[in-house]
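The numbering of the sequence shown is my numbering, which starts it at 1332 and goes up by one.
For every residue, glycine included, the Cβ atom is placed at its ideal position computed from N, Cα and C.
What follows is a short report on a single structure.
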Amino acid sequence: MDASLLAPELAGRKWPAAPVGSRPGRALVRAAMHLMPKARSSTTVRVERIEIHGGQPVDVFTPVRFGADGPDAALLWIHGGGMVIGASAQDADRCTQIAEELGITVVSAEYRLAPEHPYPAPLDDVAGAWGWLQRHAVERGIDPERVAIGGQSAGGGLAAGLVLRLHDLGGVQPAAQWLYCPMIDDRTAADRTRDEPEHFVWTNRANLVGWGAYLRGVAEAGASDVPAYAAPSRRTDLAGLPPAWIGVGDIDLFAAEDRAYAEALAAAGVDTSFVVVPGAPHGFESLAGTTSLARDYDAGARAWLAERLAVPSPT
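Have a look at this one:
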């Protein structure tokens, strides 16, 4: 992709493509992520790793002063990685910041990765994290009805899929869905015309690897029988879903599918906010988080979330 398309503040940086096309490449990235420092408690946020019976562990970030004035809000956060790489540890700083700035508990979910664990295993794992959070909400000072679900990239796709599943099951519903550059439409991966130009960070070739791994044994990317819980853009009835915030850069591979999903949500009567960042590639808010472009983007996203969770907006 032409580097001149990058926002001025992002130009000059390296935006390498994720090495997920080969098994050795994925193994190397996974190994590196396992070596990342684990989340640690600070003077303002307490961090716990909790093993869920029969499920994957969660990292729980709780503000030290949380719940001082009664039950408060929470966020279930789901990391990205194209369904084939990634770990909760990669978002430890982000989760700490959200917990501290918004004064809410953040539960960061681990999930099994494809292709070893294709759909529905990752979705089942994050559903297990939601169930754990709901079961333990009251004892942790959390209002069960003020819990949002959010995620980035593949995590955003899992978040959207989980919202659909919970809607169909009934019971306590998420207060909001908070989706950063969500990976939600397998048909993008199946469209070979999207292979060129190669997008920064996450190319359509990598996208096909991710979707192929996630849907292994279920369906082919682009086929008519892909489940909507796996690819939320396949869902035709979106009425009654919780408020949605969707953000993406305009040179992100997912820009078109994210816009289409936001428009479909809005057409179904869902309170939807869609934010497009000019000149921003996939995941720029993590890869260039110190830039004013990323900080302003995150600030707007967190202000939206604070309003939906009825907590003071970060200053």
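Asked	Found
Take proline 1576 as the anchor and find which of Leu1495, Gly1481, Ile1515 and Glu1616 has the nearest alpha-carbon.	The question names proline, yet the displayed sequence has tryptophan at residue 1576. The option with the nearest alpha carbon to tryptophan 1576 is Gly1481.
Sorted by chain position, which residues of the same chain lie with C-beta nearer than 6 Å to alanine 1412's C-beta, five sequence neighbours on each side aside?	Contrary to the premise, residue 1412 reads as glycine rather than alanine in this sequence. These residues qualify, in order along the chain: Ala1485.
Between the alpha carbons of alanine 1537 and glutamate 1470, how many angstroms are there, rounded?	42 Å
For alanine 1418, I'd like the list of residues in its chain whose CB is within less than 6 Å of its CB, leaving aside the five on either flank, ordered along the chain.	Met1364
Three or more C-beta pairs under 8 Å: does that hold for the segment 1578–1590 against the segment 1598–1613?	yes
Whose C-beta lies closer than 7 Å to the C-beta of isoleucine 1381 among residues of the same chain, with five residues either side of it excluded?	Pro1388, Val1389 and Val1391
Should the segment 1591–1606 be regarded as contacting the segment 1528–1545, the criterion being three or more beta carbon pairs within less than 8 Å?	no
For valine 1568, count neighbouring Cβ atoms within 10 angstroms of its own Cβ and tell me buried if that reaches 16, exposed if not.	The sequence shown places aspartate at residue 1568, rather than the valine named in the question. By the 10 Å Cβ count, aspartate 1568 comes out exposed.
For serine 1373, does the count of other Cβ atoms within 10 angstroms reach 16, so buried, or fall short, so exposed?	exposed
On the DSSP letters alone, give me the boundaries of the beta strand (DSSP E) that serine 1604 sits inside.	1603–1608
I'd like to know if the segment 1442–1459 and the segment 1491–1503 are in contact, where contact means that at least 3 CB-CB pairs between them fall below 8 Å.	yes
Near alanine 1593, what residues of its chain come up, given a Cβ to Cβ distance below 6 Å and the 5 sequence neighbours on each side ignored?	Ile1577, Thr1603 and Phe1605
I'd like the span of the beta strand (DSSP E) that includes tryptophan 1408, first residue to last.	1403–1409
Rounding to the nearest angstrom, what Cα-Cα distance links serine 1427 and arginine 1443 in this structure?	First, the amino acid is wrong: residue 1427 is threonine here, not serine. Distance between the alpha carbons of threonine 1427 and arginine 1443: 23 Å.
Cα separation between leucine 1546 and lysine 1345?	31 Å
Is the Cβ-Cβ distance between aspartate 1422 and histidine 1410 less than 7 Å?	yes
Buried or exposed: where does threonine 1621 fall if 16 or more other Cβ atoms within 10 Å of its Cβ makes it buried?	exposed
If you run the structure through DSSP and keep just helix, strand and coil, what is tyrosine 1511?	strand
Please report the distance separating the alpha-carbon of threonine 1519 from that of leucine 1618.	23 Å
Classify aspartate 1629: buried if its beta carbon has 16 or more other beta carbons within 10 angstroms, exposed otherwise.	buried
How about alanine 1338 and alanine 1625: are their beta carbons less than 7 Å apart?	no
State the CB to CB distance for the pair isoleucine 1515 and serine 1564, rounded to an integer number of angstroms; the pair is presumed to be in contact (CB under 8 Å).	5 Å
Mind checking which residues open and close the beta strand (DSSP E) that includes alanine 1380?	The residue asked about is misnamed: residue 1380 is arginine in this sequence, not alanine. 1376–1381 is the extent of the beta strand (DSSP E) around arginine 1380.
Considering only their Cβ atoms, is the gap separating valine 1503 from proline 1475 smaller than 7 Å?	yes
Taking 7 Å as the threshold (C-beta atoms), are proline 1394 and valine 1376 in contact?	yes
Express the C-alpha separation of alanine 1559 and alanine 1598 in angstroms, rounding to a whole number.	18 Å
Which same chain residues, not among the five before or five after valine 1549, have their C-beta less than 6 Å away from its C-beta?	Tyr1450
Would you list the one or two residues that DSSP bridges to aspartate 1568?	BP columns for aspartate 1568 are empty, so no partner.
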